[in-house]
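In my numbering, the protein residues as written are 5 to 225. Quick notes on the structure that follows.
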Amino acid sequence: MAPPDVDARAREYEAMIRRIKDVISARVMFSADGQVEEIHVLASGSRNAKQLVRDVESLLMAQGTAVDHKKISVALLAPETGASEDERIRIVGFLVSRQGKTVEARVRLEYRGAGAEGAAQGPGTGNGRIRAIAEATLSAVQRFIKVSSVLFLDDCGVVQVGTKLAAAVCVLELDGDVEQTYIGTCLVKHDELDAVVRATLDAVNRRFSLWAVTQRVSPTI
Numbered sequence: 005m006a007p008p009d010v011d012a013r014a015r016e017y018e019a020m021i022r023r024i025k026d027v028i029s030a031r032v033m034f035s036a037d038g039q040v041e042e043i044h045v046l047a048s049g050s051r052n053a054k055q056l057v058r059d060v061e062s063l064l065m066a067q068g069t070a071v072d073h074k075k076i077s078v079a080l081l082a083p084e085t086g087a088s089e090d091e092r093i094r095i096v097g098f099l100v101s102r103q104g105k106t107v108e109a110r111v112r113l114e115y116r117g118a119g120a121e122g123a124a125q126g127p128g129t130g131n132g133r134i135r136a137i138a139e140a141t142l143s144a145v146q147r148f149i150k151v152s153s154v155l156f157l158d159d160c161g162v163v164q165v166g167t168k169l170a171a172a173v174c175v176l177e178l179d180g181d182v183e184q185t186y187i188g189t190c191l192v193k194h195d196e197l198d199a200v201v202r203a204t205l206d207a208v209n210r211r212f213s214l215w216a217v218t219q220r221v222s223p224t225i
């Protein structure tokens, strides 16, 4: 049975590793006897995997923990070169239906040929419809995410900007004890709900390519 402080140590090590230059996220796994068994690191591609592995080794060694470099795997993200059509989330469709005093929103998205649908409910009010469609959009996005981040809707609304209306959405990302906030906007052209879906995607767009990474590279040193 693992020592009771293993989870706390894992969170502590993950927080320290995330402070290393170019590291985006980290996951530390312990064995049943309380030894570091695996370390998975997601980083930008500006430094090579060997450098990052050595940084992780040195960091943990300074904490009194020696780790075999073979237990450290690093996933490097390719630099962004402008997303092609296939690299973007595409809106397939959405629907908001009333059920008594509540509304149900469904949003279907597509990414790299794969589809995902999200659903959410809310009160049958104007703002309830807007929140439901934003939450349904995040629910669909979450299905594409391959890392430990979880997305939550913080707030959303349609606001007046000069003579125009715009949808604004605030999204929270939680990854362990790390919290990030993202804001997305979209001008209302024909339909408020369509603008809310697009504003929600605008909020997460800059980070989505990081979340959707599935391949890890284990370097040979």
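The beta carbon of each residue, even a glycine, is placed where N, CA and C say it ideally should be.
- Starting from T106 and walking both ways along the beta strand (DSSP E), at which residues does that stretch end? Numbered from 1 along the sequence shown, position 102 holds the residue referred to as residue 106. Under the DSSP assignment, T106 falls in the beta strand (DSSP E) whose first and last residues are 106-115.
- Query: Does DSSP put A120 in a helix, a strand or coil?
  - Reply: Taking the first residue of the sequence shown as 1, we reach residue 120 at position 116. A120: strand per DSSP, three-state reduction.
- Item | Distance, D198 Cα to D9 Cα | Walking along the sequence shown from the start, residue 9 turns up at place 5. Walking along the sequence shown from the start, residue 198 turns up at place 194. In this structure, the alpha-carbon of D9 lies about 47 Å from that of D198.
- Item | Neighbourhood of I21 by C-beta distance below 8 Å, restricted to the same chain and skipping five residues each side | Within the sequence shown, residue 21 is the residue found at index 17, counting from 1. So the list reads V27, A30, V32, I43, V45, V60, L63, once near-sequence residues are dropped.
- Query: Counting Cβ pairs closer than 8 Å, one from the segment 111-123 and one from the segment 165-184, do we hit at least three?
  - Reply: Segments in contact, no.
- Query: So Q164 is in the beta strand (DSSP E); what residue range does that whole segment cover?
  - Reply: Here residue 164 refers to the residue found at position 160 when the sequence shown is read from its first residue. DSSP places Q164 inside the beta strand (DSSP E), whose first and last residues are 154-165.
- Task: Could you have a look at V173 and say whether DSSP puts it in helix, strand or coil?
- Result: By one-based count along the sequence shown, residue 173 stands at place 169. V173: strand per DSSP, three-state reduction.
- Item | Reference F212; option with closest CA among I149, R15, G166 | Walking along the sequence shown from the start, residue 212 turns up at place 208. If we check each option's Cα against that of F212, I149 comes out closest.
- Task: Assign F226 to buried or exposed, taking buried as 16 or more other Cβ atoms, counted over all protein chains shown, within 10 Å of its Cβ.
- Result: Only positions 5 to 225 of the chain appear in the structure, and residue 226 is not among them; the question remains open.
- Query: How many whole angstroms separate the CB atoms of G122 and S143, which I take to be in contact at a CB cut-off of 8 Å?
  - Reply: As a working mapping, residue 122 is identified with position 118 in the sequence shown. As a working mapping, residue 143 is identified with position 139 in the sequence shown. With 8 Å as the limit, G122 and S143 qualify as a contact, their Cβ atoms being about 3 Å apart.
- Message: So, for A140: in the same chain, excluding its five sequence neighbours on each side, which residues have a beta-carbon less than 8 Å away from its beta-carbon?
- Response: One-based indexing of the sequence shown puts residue 140 at position 136. For A140, where only same-chain residues beyond five positions count, the Cβ hits under 8 Å are F98, A109, R110, V111, G122, A123, A124.
- Query: Between I134 and V162, which are expected to be in contact by the criterion C-beta below 8 Å, what is the C-beta distance as a whole number of angstroms?
  - Reply: Here residue 134 corresponds to residue number 130 of the sequence shown, with the count starting at 1. Here residue 162 corresponds to residue number 158 of the sequence shown, with the count starting at 1. In this structure I134 is in contact with V162, their Cβ atoms being roughly 7 Å apart against a cut-off of 8 Å.
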